[in-house]
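Residue numbering for the sequence shown follows my numbering, starting at 141 and increasing by one per position.
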Amino acid sequence: MSETTTEAPVNFIHAIIEEDLAAGKNGGKVITRFPPEPNGYLHIGHAKAIYMDYLTAVKYGGKFNLRMDDTNPTKEDTEFVQSILNDVKWLGADWEDRLYHASDYFGQMYNYAVDLIKQGKAYVCELTDDEFKEYKGNLTTPGKPSPYRDRSVEENLDLFTRMKNGEFPDGSKVLRAKIDMAHPNMHMRDPAIYRIRHAEHHNTGNTWCVYPLYDFAHPLEDAIEGITHSICTLEFEIHRPLYDWFIENLDTPSKPRQIEFARLALSYTVMSKRKLRELVETHYVNGWDDPRMPTVCAFRRRGVPPEALRDFCEKIGITKFNSLTDVALLEHCIRENLNKTSQRRMAVMNPVRLVIDNYPAGQVEEMEVINNPEDPEAGSRKVPFSGELYIERDDFMEEPIKQFHRLAPGKEVRLRCAYFVTCTGVEKDENGEVSVIHCTYDPETKGGNAPDGRKVKGTIHWVSAAHAVDAEARLYDRLFTIADTNAIPEDKDYKEFLNPESLKIVTAKLEPSLGTVEPGFKCQFERIGYFCADEKDHVPGSKPVFNRTVTLKDSWAKIAAK
Ligand code: ATP
Ligand code: MG
């Protein structure tokens, strides 16, 4: 009889690893790495890769390395290196003392290239770029051998040494692996593995003027570090035979295995580094950490906890096919996390005055308001209450529609943790807009319950007018109006699909306790959404600045359903 297991199904990458472990490969070790190229900020797609690598290592009692894949001297920058370190740390992936730089292996890589030459498996080629392409053939036509292909080992060694010594200008020569010019996989048609670049490198300075190309460098970086499973995204699948060719043909200390998974694409989001950079450089957003960006630093600034990103990455799982993930799922994970962890505070986004005509003039009461109904340990706080309050304009309708259970003339509602009030009339301004709502209160209902057991259908939040703190509330929304930004035709500018409403700034009225919080403070504004005090622009002692992390409900779902 077969036994049923209660364990969660393993994803296909873990299934491969378990097979390898069962077969006794790699001495039972699992070592993964995250290899960012420091040419931009990390985004949520990178977070998916980071959690994949890190959590896999954790699951199998293995190790996780962080490696700056800095083999390209011209595009990389120490600003990016620093941001990557911050972001990976913040996400909670611990590389312990294993932070590496691909550029630290330039010496070893050079020796591996020499080894290939000595084996007769690499040669120095002098075709121009155009000739190189022409000789390569295409998917239907096999390539033809370069006239330099049969150079002797001695000549190749001499030329490669002189390339390294700086004797030749950029672009005049490359070192190529000698594989198969008729191979059906174009990447196997004698790929270039070293090129000349007289450029200063942020780590190695001017030590080198030849630099290895990605397809050659990456497997060697993995092998040098003893990586067992080199997990990467699907576009590298077609490069895998080449990855394996270098590993097979060189005497490397370990034999890593490349496994590919589908990259994350999110709806209403662009993820390409080029586009993100353009949005920053052309000031469509206010920097890499603008809370509308899909970058890790932007999520942090927006108030998203790393645990929510991790939960999201675990929920979407790992597949072998590219698809579009609904950003609503990410927002759901953020809400779920914040619902449990956030204290509630009262804030009014679109205020209108409410005057309680029978409340004793000048009286102020301290109302006991619970901090988080989801967490009894969060306790309660005192909030000042008086006869003049602000409530949300939306919580009042002069001529209420059906199902409107909030305030309207003659209707009674509960003011959260305070009193029942009944609307007796309104005042209007010269434009006919309601400027003051008049009410009476029932002193017997203190705390928000009537001793006679009568019920009200609506409960609304409020802030005492005399005690309210004015704040800048930044209401962020999706950056694009189109779900699948990858479907934007080539001849159209993706910037045409930017959401003009992605940021609205309003002056909100906050309960006074919010006037003194530190940058980064997170809470739920009751009935409104989750907010955090901006880590850059919120300065204690000045007018508070709050970012909306996420609304309480998915308002886009409603729009779509209409
Ligand atoms: P580039 O086009 O500059 O190479 P990149 O986004 O691939 O951009 P890298 O720094 O090379 O940037 O990425 C580091 C790692 O993150 C790679 O292993 C890559 O496979 C992975 N990665 C990048 N984008 C995504 C994504 N959207 N989803 C999952 N993994 C990703
Ligand atoms: Mg890449």
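Every residue, glycine too, gets a C-beta built ideally from N, C-alpha and C.
In terms of Cβ geometry, Val690 and Leu464 do not form a close pair [threshold 9 angstroms].
Looking at the DSSP output, Asp610 shares a beta bridge with Lys649. For Asp694, the CB contacts under 6 angstroms within the same chain, skipping 5 residues up- and downstream, are Ala468 in chain order. If you draw a 10 Å sphere on the C-beta of Gln503, you find fewer than 16 other C-beta atoms in it, and that means exposed. For Phe220, the uninterrupted alpha helix (DSSP H) segment begins and ends at Thr218 to Leu231. A check of alpha carbon separations from Val488 across Lys258, Tyr530 and Pro434 identifies Tyr530 as the nearest. For the ligand ATP, no non-hydrogen atom lies closer than 8 angstroms to the CB of Cys579. Here Ala189 is buried: its Cβ has 16 or more other Cβ atoms, across all protein chains shown, within 10 Å. Contact annotation: the segment 368-376 does not touch the segment 213-228, with fewer than three C-beta pairs closer than 8 angstroms. Met208 carries a strand assignment under DSSP once its states are collapsed to helix, strand and coil. Shown here for Tyr275: same chain residues with a beta carbon closer than 7 angstroms to its own, the five before and five after excluded, namely Leu267, Gly283, Lys284 and Ser286 in chain order.
Taken in chain order, the unbroken stretches of beta strand (DSSP E) that lie wholly in the segment 489-517 and span 3 residues or more are 491-496 and 504-510.
Taking Ala357 as the centre and dropping the five residues before and after it, the same chain places the C-beta of Thr211, Ala242 and Met249 closer than 7 angstroms to its C-beta, in chain order. The beta carbon of Leu406 sits closer than 6 angstroms to the beta carbons of Thr465 and Val467 from its chain, once the five residues preceding and following it are set aside; these are given in chain order. Under the 10 Å beta carbon count, Ala155 is surrounded by fewer than 16 other beta carbons and is classified as exposed. Here DSSP, grouped into helix, strand and coil, assigns Pro445 to coil. The beta carbon of Phe174 sits closer than 8 angstroms to at least one heavy atom of the ligand ATP. For Lys413, the shortest separation between its Cβ and any heavy atom of the ligand ATP lies below 8 angstroms. Counting along the chain, Glu365 sits inside no beta strand (DSSP E); it lies in the alpha helix (DSSP H) bounded by residues Tyr354 to Glu365.
Cβ contact annotation for Ala339 (same chain, cutoff 6 angstroms, sequence separation greater than five): Pro213 and Thr214, in chain order. When DSSP states are grouped into helix, strand and coil, Arg397 belongs to the strand group. With 16 or more other Cβ atoms from the protein chains shown falling within 10 Å of its own Cβ, His183 counts as buried. Ala189: member of the alpha helix (DSSP H) spanning Ile184 to Lys199, first to last residue. Comparing alpha-carbon positions, the option among Thr562, Arg335, Arg614 and Gly550 lying closest to Thr585 turns out to be Thr562.
The beta carbon of Phe401 sits closer than 6 angstroms to the beta carbons of Ile458 from its chain, once the five residues preceding and following it are set aside; these are given in chain order. Counted as a single uninterrupted DSSP element, the alpha helix (DSSP H) harbouring Ala253 occupies residues Phe246 to Lys258. Following the DSSP letters along the chain, one finds Lys662 inside the beta strand (DSSP E) bounded by residues Lys662 to Phe665. With respect to the 9 angstroms criterion, Ile577 and Phe536 are classified as neighbours on the basis of their beta carbons. Thr621 and Cys453 have their C-alpha atoms some 24 angstroms from each other. Cβ-Cβ separation between Pro659 and Ala673: approximately 5 angstroms, consistent with a contact (criterion under 8 angstroms). CA-CA distance, Met192 to Ala332, rounds to 31 angstroms. In this structure, Val685 keeps its C-beta atom at 9 angstroms or more from the C-beta atom of Pro652.
Here Asp582 carries a strand assignment [DSSP, helix/strand/coil]. In the three-state DSSP reduction, Ala405 falls in the strand class (E or B). Using a cutoff of 8 angstroms, the CB of Asp355 does not count as near the ligand ATP, since none of the ligand's heavy atoms is closer than that.
Taken from the Cβ of Thr218, every heavy atom of the ligand ATP lies 8 angstroms or farther away.
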